[in-house]
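Reviewing the structure listed below.
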Amino acid sequence: MAQSTVLPMHCLYGIFLEGNLKIQKNDQEGLKKFKDNIKKFTLELDEIDKISPQSRIGGAICFSSDIWDTVTKKISKPKELKSVNTLSSYMPGTSQRDILIHIISDRMDTCFKLAQDTMRNFGEDQLDIKQEIHGFRRVEERDLTDFIDGTENPDGDELRTQYGLVAAGQPNEFGSYVFTQRYVHNLKKWYPEPLSVQQDTVGRTKKDSIEIPRDKRPITSHVSRTDLSENGKDLKIVRQSLPYGQITGEKGLMFIAYACSLHNIEKQLQSMFGQLDGKHDLLLKYTTPVTGSFYFAPSKKELLEL
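All residue numbers in the sequence shown are consecutive under the working numbering, ending with 532.
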């Protein structure tokens, strides 16, 4: 069974906690306490789900390549897992963290309770949180650019399992490669742009999110940069991204992708940031990535066996 943030669709709220492990590799007592707190996380997650099933709460704890061997000797490291800092030569904002705690729900109070209790259990002696983002889903699932986000997201458990999880029978089965990237939007630059410029930038119509035909949209549109295939196979990912921000402060998109293969994620990044043909995603004129990390979300079974 996968951790419960991959398959659900259209959840209204999310909390993203990213930070670094403060426990040393040889601190067996500290690591045991850390793993006990992971179990507490899964138990409280299940308890909230029983008490409030309508909240559709989900949660995942994900680990970076750098700390995999510190956290577990029992579970083999996923073969594609690596540091996002290996992409720093062409992608801004790379800032690899050790751990991601991702919580989703249709109620912010249940998100907040699970996050608060989890951090109280881990404590400052175990985790140093570097970024905490609270995301929300807007009307019609529109990003702050006012375009619908995730139109091509795999729909339904079958497709989300196919593209979001390592296949059954494979090493690390039902786990998922994870990529987080916080974008800060320059809406003062975006909002005044004519509709035609905005639609060419995204590659879709603004009102109905209809994909503009390939021969009529720029090769540098966001759709053209991210709708990729290779050897006849679609390189799709499962997105759980949400807008975030303050009315008078920073705002943008907290991007998160789950995938059966890190290759699918990395290929999209190479396409967006000019590594495939020297061309960059037009959307990057209006939004800037300020963080970025790769993780792996083990299956629930493997998470409890760490």
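Yeah, the Cβ is synthetic: ideal placement off N, Cα and C, and Gly gets one too.
Kindly indicate which three-state DSSP category residue i falls into: helix, strand or coil?
{"i": "Tyr512", "result": "coil"}
{"i": "Cys288", "result": "strand"}
{"i": "Lys477", "result": "strand"}
{"i": "Arg465", "result": "strand"}
{"i": "Val365", "result": "helix"}
{"i": "Ile277", "result": "helix"}
{"i": "Ile264", "result": "helix"}
{"i": "Leu307", "result": "coil"}
{"i": "Gly458", "result": "coil"}
{"i": "Gly376", "result": "coil"}
{"i": "Ser422", "result": "helix"}
{"i": "Leu247", "result": "strand"}
{"i": "Gly395", "result": "coil"}
{"i": "Leu353", "result": "strand"}
{"i": "Ile438", "result": "coil"}
{"i": "Ile359", "result": "strand"}
{"i": "Gly504", "result": "coil"}
{"i": "Ile241", "result": "strand"}
{"i": "Ile482", "result": "strand"}
{"i": "Gly471", "result": "strand"}
{"i": "Ile301", "result": "coil"}
Spell out whether any CB of chain B is found under 8 Å from the CB atom of residue i.
{"i": "Leu353", "result": "As a matter of chain content, chain B is missing from the structure shown, which is built from one protein chain."}
Could you say which of the options lies nearest to residue i if we only look at CA atoms?
{"i": "Phe520", "options": "Glu437, Leu326 and Leu233", "result": "Leu326"}
{"i": "Glu378", "options": "Leu529, Thr514 and Ala483", "result": "Ala483"}
{"i": "Gln280", "options": "Asp332, Glu366 and Leu353", "result": "Asp332"}
{"i": "Gly457", "options": "Leu340, Ile359 and Asn490", "result": "Checking the sequence, you will find Asn at residue 457 rather than Gly. The residue with the shortest Cα to Cα distance from Asn457 is Asn490."}
{"i": "Leu243", "options": "Gln407, Arg368, Gln496 and Asp383", "result": "Gln407"}
{"i": "Gly475", "options": "Lys414, Gly504 and Glu528", "result": "Lys414"}
{"i": "Leu488", "options": "Leu269, Phe260, Lys462 and Arg368", "result": "Lys462"}
{"i": "Leu603", "options": "Gly240, Asn252 and Glu399", "result": "Only positions 227 to 532 of the chain appear in the structure, and residue 603 is not among them; the question remains open."}
{"i": "Phe362", "options": "Cys337, Asp426 and Ser422", "result": "Cys337"}
{"i": "Glu358", "options": "Asp253, Gln496, Gly471 and Leu502", "result": "Gly471"}
{"i": "Leu495", "options": "Thr312, Gln466 and Cys288", "result": "Thr312"}
{"i": "Gly240", "options": "Asp262, Lys459, Leu340 and Lys248", "result": "Leu340"}
{"i": "Asp343", "options": "Glu367, Ser321, Leu269 and Thr452", "result": "Leu269"}
{"i": "Arg440", "options": "Asp434, Lys432 and Asp426", "result": "Asp426"}
{"i": "Gly349", "options": "Pro420, Gly256 and Ser450", "result": "Gly256"}
{"i": "Val404", "options": "Asp369, Ser450 and Phe481", "result": "Phe481"}
{"i": "Ala485", "options": "Asp434, Asp460 and Ile473", "result": "Asp460"}
{"i": "Leu479", "options": "Lys251, Gly376 and Ile264", "result": "Gly376"}
{"i": "Thr431", "options": "Phe373, Ser321 and Arg368", "result": "Phe373"}
Write down the C-beta distance between residue i and residue j rounded to the nearest angstrom, noting that I regard them as a contact closer than 8 Å.
{"i": "His448", "j": "Val428", "result": "5 Å"}
{"i": "Leu532", "j": "Val297", "result": "6 Å"}
{"i": "Gly390", "j": "Val464", "result": "4 Å"}
{"i": "Asp324", "j": "Ser302", "result": "Their Cβ separation, rounded to whole angstroms, is 19 Å, which puts Asp324 and Ser302 out of contact at 8 Å."}
{"i": "Pro234", "j": "Arg364", "result": "Not confirmed; about 18 Å, so no contact."}
{"i": "Asn347", "j": "Lys477", "result": "Asn347 to Lys477, Cβ: 31 Å. No contact."}
{"i": "Ser455", "j": "Met227", "result": "With 8 Å as the limit, Ser455 and Met227 do not qualify as a contact, their Cβ atoms being about 30 Å apart."}
{"i": "Gly245", "j": "Thr517", "result": "No, Gly245 and Thr517 are not in contact; Cβ-Cβ is about 12 Å, not under 8 Å."}
{"i": "Leu353", "j": "Leu502", "result": "Going by Cβ atoms, the distance from Leu353 to Leu502 rounds to 37 Å, so no, they are not a contact pair."}
Pull up the distance between the alpha-carbon of residue i and that of residue j, whole angstroms please.
{"i": "Glu273", "j": "Ala286", "result": "15 Å"}
{"i": "Ile329", "j": "Gly500", "result": "32 Å"}
{"i": "Leu385", "j": "Ser230", "result": "16 Å"}
{"i": "Asp275", "j": "Asp335", "result": "13 Å"}
{"i": "Ser314", "j": "Ile277", "result": "44 Å"}
{"i": "Ile436", "j": "Leu508", "result": "18 Å"}
{"i": "Gly284", "j": "Met345", "result": "16 Å"}
{"i": "Ser611", "j": "Phe522", "result": "The structure shown does not extend to residue 611, since the chain spans only 227 to 532, so no value can be given for it."}
{"i": "Pro515", "j": "Lys527", "result": "33 Å"}
{"i": "Asp295", "j": "Lys305", "result": "13 Å"}
{"i": "Tyr512", "j": "Gly395", "result": "43 Å"}
{"i": "Gly504", "j": "Ile445", "result": "11 Å"}
{"i": "Asp292", "j": "Leu307", "result": "9 Å"}
{"i": "Thr452", "j": "Gln254", "result": "43 Å"}
{"i": "Val423", "j": "Cys237", "result": "30 Å"}
{"i": "Pro418", "j": "Thr371", "result": "11 Å"}
{"i": "Gly382", "j": "Ser497", "result": "27 Å"}
{"i": "Met317", "j": "His506", "result": "11 Å"}
{"i": "Arg282", "j": "Ile355", "result": "25 Å"}
{"i": "Lys261", "j": "Lys442", "result": "53 Å"}
Along the chain, where does the alpha helix (DSSP H) that runs through residue i open and close?
{"i": "Thr431", "result": "No alpha helix (DSSP H) holds Thr431; DSSP gives it neither H nor E."}
{"i": "Ser450", "result": "His448 to Thr452"}
{"i": "Ile491", "result": "Leu488 to Met498"}
{"i": "Asn347", "result": "Met334 to Phe348"}
{"i": "Glu384", "result": "Asp383 to Gly390"}
{"i": "Glu528", "result": "Lys526 to Leu530"}
Taking the continuous beta strand (DSSP E) assigned at residue i, which residues delimit it?
{"i": "His328", "result": "Ile325 to Ser331"}
{"i": "Arg408", "result": "Ser402 to His411"}
{"i": "Ser519", "result": "Ser519 to Ala523"}
Examine the ligand SAM and report whether any of its heavy atoms sits within less than 7 Å of the Cβ of residue i.
{"i": "Leu238", "result": "Judged by which ligands are present, the structure shown has none, so any question about the ligand SAM falls away."}
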